[in-house]
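Peer 1: Below are the structure tokens for one structure; questions will follow.
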Amino acid sequence: NSCYFVTRYSYSWRRAAAAASESNLLRCKVPITMDTTTPSPSKRQVITFVMTTQYNGFAYAGFQRQTRTPTSMASSNEEDSTATTGKKRKRNNHTNQEMQAAKINNKSGRKSNAVITVQDQIENALQKWTGLSLLTLRVRGAGRTDKGVHATHQVVAFDVPLSLVIDHDGGEANNNEEEDRGDDMKISAHALPLLKEAHQTLAKHKSASTDTETTPFVDQWKIRRAISTRLPTDIVIRTIRMWNGSAPFEARQNVACKTYIYRLRFRCIAYESNAKSTEGQTNLHPICNAGPHLLRRLNDNNTVWLSQWPLDKEKLRQACEPFVGRHNFCNFVHKAERKVGNSRPSLVRRRERYQQSTSKDADDENDDDKFLMDLFEFNLHMQPEEEHDKTFPPIIDATFSLKAKGFHRSQVRNLVGFVVDVARGERSLDDAKVLLGESDNTEDEKSLPTVNSAPASGLCLANVEYEHDDFL
24 NSCYFVTRYS YSWRRAAAAA SESNLLRCKV PITMDTTTPS PSKRQVITFV
74 MTTQYNGFAY AGFQRQTRTP TSMASSNEED STATTGKKRK RNNHTNQEMQ
124 AAKINNKSGR KSNAVITVQD QIENALQKWT GLSLLTLRVR GAGRTDKGVH
174 ATHQVVAFDV PLSLVIDHDG GEANNNEEED RGDDMKISAH ALPLLKEAHQ
224 TLAKHKSAST DTETTPFVDQ WKIRRAISTR LPTDIVIRTI RMWNGSAPFE
274 ARQNVACKTY IYRLRFRCIA YESNAKSTEG QTNLHPICNA GPHLLRRLND
324 NNTVWLSQWP LDKEKLRQAC EPFVGRHNFC NFVHKAERKV GNSRPSLVRR
374 RERYQQSTSK DADDENDDDK FLMDLFEFNL HMQPEEEHDK TFPPIIDATF
424 SLKAKGFHRS QVRNLVGFVV DVARGERSLD DAKVLLGESD NTEDEKSLPT
474 VNSAPASGLC LANVEYEHDD FL
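Residues 24 to 495 in the working numbering are what the sequence shown spells out, letter by letter.
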């Protein structure tokens with residue numbers, strides 16, 4: 024009876040305490056506290072390694088990991104899923120090719136919901152090499168590229184706690200701390216010598232007095248080789264440097280400029296000179312309607328958009344000009360991002376803001392529209408290919424280059440898609456001002472021209488520049 028009374032009383036007290044806390048009337052003699060705080064990344068001392076990575080995004084569902092950071096400190100593949108299934112997932116050590124095959128060739132014959140991202144592959148490689156957990160490594164990237172988007176200069180950073188390197192390096196580690204420290208907070212024997220060498224290089228640079236203002240470029244090629252051997256062939260690490268700034272390094276903060284390029288291959292629009300027209304108009308050259316199959320090349324590797332329409336190269340260049348400068352790119356952003364909150368202003372409001380921005384008394388600091396941004400550059404470089412048959416209209420390899428401090432979701436692909444629609448005659452040059460809210464011709468937002476997004480295969484993150492180059 025006494026056991027039953029204690030159990031019943033404990034349950035009743037917990038239920039009463041929960042009800043009282045919801046109504047903010049909980050008053051107990053013994054305060055009930057719960058420590059939910061986590062150590063701030065800015066307060067802990069770490070060595071931050073900054074990698075310049077390249078990858079072909081065709082086989083990946085974007086860069087960013089699609090699942091939450093696991094609370095388990097052992098492995099990213101041992102995520103606790105008790106909230107949904109009540110069981111713990113088994114460890115998964117499959118390669119990228121095996122996981123891609125498992126999506127199709129599973130027992131049920133249906134496609135699996137598992138997705139693989141570039142961050143997943145990098146985190147798995149870092150965990151295998153260092154033996155540390157995801158919470159300790161804190162892998163983060165400069166840009167969250169979408170599914171199928173590539174990169175030639177993606178910046179990825181990860182942290183290594185300084186205490187783990189100093190304890191082994193100095194030889195005066197605290198025994199109590201090592202007993203409390205789990206296996207997830209011990210650096211592997213493969214990584215420890217290279218991390219100690221990197222820490223010594225960083226310490227020598229900080230202690231040495233240099234008269235030059237430029238920081239030397241020190242590529243941690245041994246660490247780069249160790250991580251690269253654990254990555255698939257479609258992900259490449261070009262450089263690894265260490266952060267030498269006073270403030271913690273975050274890959275998405277203090278960005279001065281991001282550069283995206285988009286590759287497009289098309290055939291120039293051309294008409295038959297001696298063709299008979301039924302309605303008094305010239306006919307297109309027959310090869311212009313041949314589709315994208317004649318534009319394929321061996322080394323494309325899903326990194327170029329093969330246009331199925333013939334395009335006017337002069338209109339293609341002219342359509343890029345209206346977007347350079349400070350504009351409201353709300354209509355060129357993914358619709359899911361526009362619906363977040365009430366951040367999308369009406370067409371009349373955008374037109375008023377454009378008129379205020381062009382006046383001399385405009386105050387940019389009072390403008391809180393997140394879609395109002397400066398597009399530094401929207402250039403187009405066209406390189407014609409040589410055709411064996413000179414009677415055919417030429418094939419053009421076009422490369423768009425867009426620069427800004429940051430881009431919204433699908434913004435670059437929507438801009439390129441609109442420019443292509445202008446070049447194939449589906450849109451006019453005046454539609455650009457209408458979509459930017461800088462024209463008085465349209466009064467109703469429902470009558471705005473449709474913006475078609477370009478495929479992800481041609482998009483590539485080409486460069487990321489920071490305000491402070493404090494890398495060693």
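Glycine included, each C-beta is placed from N, C-alpha and C at the ideal position.
Nothing here was measured: the structure is a model prediction, and the numbers come from that model.
Could you tell me which residues DSSP pairs with R163 in its beta bridges?
Peer 2: DSSP, once it has assigned bridges, lists A180 as partnering R163.
Peer 1: Measuring straight from C-alpha to C-alpha, what distance separates V487 and V178?
Peer 2: Using only the alpha carbons, I get a separation of about 7 Å.
Peer 1: With DSSP as the reference, label W332 as helix, strand or coil.
Peer 2: Coil, per DSSP.
Peer 1: Report the rounded CA-to-CA distance for T159 versus N322, giving the unit in angstroms.
Peer 2: Each residue's alpha carbon lies about 39 Å from the other.
Peer 1: Should G154 be labelled buried (16 or more other beta-carbon atoms within 10 Å of its own) or exposed?
Peer 2: Result: buried.
Peer 1: Unbroken alpha helix (DSSP H) runs of length 4 or more, entirely within the region 220-282: which are they?
Peer 2: With a minimum length of 4 residues, the continuous alpha helix (DSSP H) runs that stay inside the region 220-282 are 244-251.
Peer 1: I'd like to know if the region 334-343 and the region 392-406 are in contact, where contact means that at least 3 CB-CB pairs between them fall below 8 Å.
Peer 2: With a cut-off of 8 Å, the region 392-406 and the region 334-343 count as touching, because enough Cβ pairs lie within range.
Peer 1: Is there contact between the region 477-492 and the region 433-449, where contact requires at least three CB pairs shorter than 8 Å?
Peer 2: Verdict: yes, contact present.
Peer 1: Could you tell me the alpha carbon to alpha carbon distance between D14 and L484, rounded to whole angstroms?
Peer 2: Lying outside 24 to 495, the shown extent of the chain, residue 14 is not represented and no answer is given.
Peer 1: Please confirm whether W332 and R253 have their CB atoms less than 8 Å apart.
Peer 2: Cβ distance not < 8 Å, so W332 and R253 don't count as in contact.
Peer 1: Which class does R432 belong to by DSSP, given the choice of helix, strand or coil?
Peer 2: Of the three classes helix, strand and coil, the one that applies to R432 here is coil, per DSSP.
Peer 1: Inspect the CB distances between the region 72-92 and the region 165-174 and report whether three or more fall short of 8 Å.
Peer 2: Cβ pair count under 8 Å is three or more, so yes.
Peer 1: Counting only the same chain and skipping the five closest in sequence on each side, list residues whose C-beta sits under 6 Å from that of P407.
Peer 2: Excluding residues within five positions, the ones whose Cβ falls inside 6 Å are P417, I419.
Peer 1: Rank Y285, L482, V241 by C-alpha distance to the C-alpha of H228 and give the top, closest one.
Peer 2: Answer by Cα proximity: V241.
Peer 1: Spatial neighbours of E490 within its chain, please: CB distance less than 7 Å, with the 5 preceding and 5 following residues excluded, ordered by chain position.
Peer 2: Answer for E490: N277, A279, listed in chain order.
Peer 1: Run through DSSP, which three-state label would N365 get?
Peer 2: Because the pLDDT of N365 is 46, which lies under 50, any placement of that residue in the model is unreliable, and the number read from its coordinates should be weighed accordingly. Of the three classes helix, strand and coil, the one that applies to N365 here is coil, per DSSP.
Peer 1: Could you tell me the alpha carbon to alpha carbon distance between D412 and R432, rounded to whole angstroms?
Peer 2: Cα-Cα distance, rounded: 42 Å.
Peer 1: Answer with buried or exposed for L48, where buried requires no fewer than 16 other C-beta atoms within 10 angstroms of its C-beta.
Peer 2: Only weak support is given to the placement of L48: the predicted model assigns it a pLDDT of 38, under 50, and the question is left unresolved by the model.
Peer 1: Buried or exposed: where does N351 fall if 16 or more other Cβ atoms within 10 Å of its Cβ makes it buried?
Peer 2: By the 10 Å Cβ count, N351 comes out buried.
Peer 1: Mapping the DSSP letters down to three states, classify K426 as helix, strand or coil.
Peer 2: Residue state, collapsed to three classes: strand.
Peer 1: Looking only at DSSP bridge pairs, what is T90 linked to?
Peer 2: None, per the DSSP bridge assignment.
Peer 1: What does the alpha-carbon distance come out to for the pair T71 and G268?
Peer 2: C-alpha separation (whole angstroms): 10 Å.
Peer 1: Does the separation of the CB atoms of S330 and P315 fall below 8 Å?
Peer 2: Contact flag set, yes.
Peer 1: Among F355, L334, T262, A180, whose alpha-carbon lies nearest the alpha-carbon of P271?
Peer 2: P271 has its Cα closest to that of A180, out of F355, L334, T262, A180.
Peer 1: Report the rounded CA-to-CA distance for G164 versus D454, giving the unit in angstroms.
Peer 2: Going by the C-alpha atoms only, they are around 35 Å apart.
Peer 1: With a threshold of 8 Å on Cβ separation, who are the neighbours of V347 within its own chain once the five nearest residues in sequence on each side are excluded?
Peer 2: Taken in chain order, the residues that qualify are L398, F399, E400, F401.
Peer 1: Give me, in chain order, the residues of the same chain whose beta-carbon lies closer than 7 Å to that of I250; leave out the 5 immediate sequence neighbours on both sides.
Peer 2: Result list for I250: A148, L149, W152, I260, in chain order.
Peer 1: Y489 bridges to which residues according to DSSP?
Peer 2: According to DSSP, Y489 bridges with V278.
Peer 1: Over what stretch of residues does the beta strand (DSSP E) that includes I70 continue unbroken?
Peer 2: 69-78 is the extent of the beta strand (DSSP E) around I70.
Peer 1: Can you tell me the Cα-Cα spacing of K338 and G166, whole angstroms?
Peer 2: About 31 Å.
Peer 1: Would you kindly report the start and end of the unbroken beta strand (DSSP E) that includes N351?
Peer 2: Its beta strand (DSSP E) spans residues 348-351.
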